[in-house]
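Residue numbers (the numbering used here): 115 to 279. Just below is one structure, and these are the notes that go with it.
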């Protein structure tokens with residue numbers, strides 16, 4: 115039975131530190147990757163456009179090794195990055211390019227996972243667009259099985275160019 119204490123034993127400390135070190139907590143990021151947009155370039159290389167229509171976009175995402183977590187599944191940051199990128203593109207098909215879009219909220223539900231080299235179809239569609247607010251739903255599904263892996267909903271707010279200083 116576990117006991118409660120404010121102090122950690124030396125053995126437990128070593129176990130926790132070894133775990134954190136194994137997962138890369140103490141390693142530094144290489145300078146070429148420690149720049150704005152570096153991860154976006156990695157994700158962009160695995161994402162290919164399938165179809166583009168007003169209020170609807172479909173892409174294929176390949177779960178390449180750089181996009182996987184420690185257990186060989188699509189990393190949560192990858193899912194979030196792709197969901198945001200595809201949702202922005204989809205919203206711009208409705209809103210246009212006459213102003214900036216600001217991400218107000220991004221919600222992601224994890225239902226299953228995508229293994230290494232899996233093909234994932236990413237489909238985005240505008241659910242609502244009115245009063246400078248656009249809501250986009252993004253679904254991630256396994257191409258091979260058709261099973262839904264992740265669901266996402268993004269809310270964007272637009273600011274027309276004429277209102278900016």
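Each residue gets a CB set at the ideal place from its N, CA and C atoms; glycine is no exception.
Among residues of its own chain, excluding the 5 on either side of residue 230, which ones have a beta-carbon nearer than 7 Å to its beta-carbon?
-> 177, 179, 182 and 186
Distance between residue 188 and residue 258 (C-alpha atoms, nearest Å) = 16 Å
Please report the residue range of the beta strand (DSSP E) in which residue 171 lies.
-> 170-176
Buried or exposed: where does residue 254 fall if 16 or more other Cβ atoms within 10 Å of its Cβ makes it buried?
-> Around the Cβ of residue 254, a 10 Å sphere holds 16 or more other Cβ atoms; the residue is buried.
Where does residue 251 fall in DSSP's three states?
-> strand
In this structure, what does DSSP give as the bridge partners for residue 223?
-> Paired residue(s): 265.
Please determine if the region 159-168 and the region 123-137 are in contact, where contact requires at least 3 C-beta pairs separated by less than 8 Å.
-> no
Own chain partners of residue 266 with C-beta closer than 6 Å, once the 5 adjacent residues on each side are dropped | 197, 222 and 252
Assign residue 192 to one of two classes, buried (16 or more other C-beta atoms within 10 Å of its C-beta) or exposed (fewer than that).
-> The Cβ neighbour count for residue 192, taken over all protein chains shown within 10 Å, is at least 16; the residue is labelled buried.
Sequence-distant residues of its chain with Cβ nearer than 7 Å to residue 115 (five each side left out) = In this predicted model, residue 115 has a pLDDT of only 46, less than 50, meaning its place in the structure is not dependable; the value taken from the coordinates is given anyway. There are no such residues.
Taking the beta strand (DSSP E) that residue 163 falls in, what are its first and last residues?
-> First-last of the beta strand (DSSP E) with residue 163: 161-167.
Where the alpha helix (DSSP H) through residue 196 begins and ends = Membership of residue 196 in the alpha helix (DSSP H) is indicated by the continuous run 190-209.
Near residue 269, what residues of its chain come up, given a Cβ to Cβ distance below 6 Å and the 5 sequence neighbours on each side ignored?
-> 218, 219 and 249
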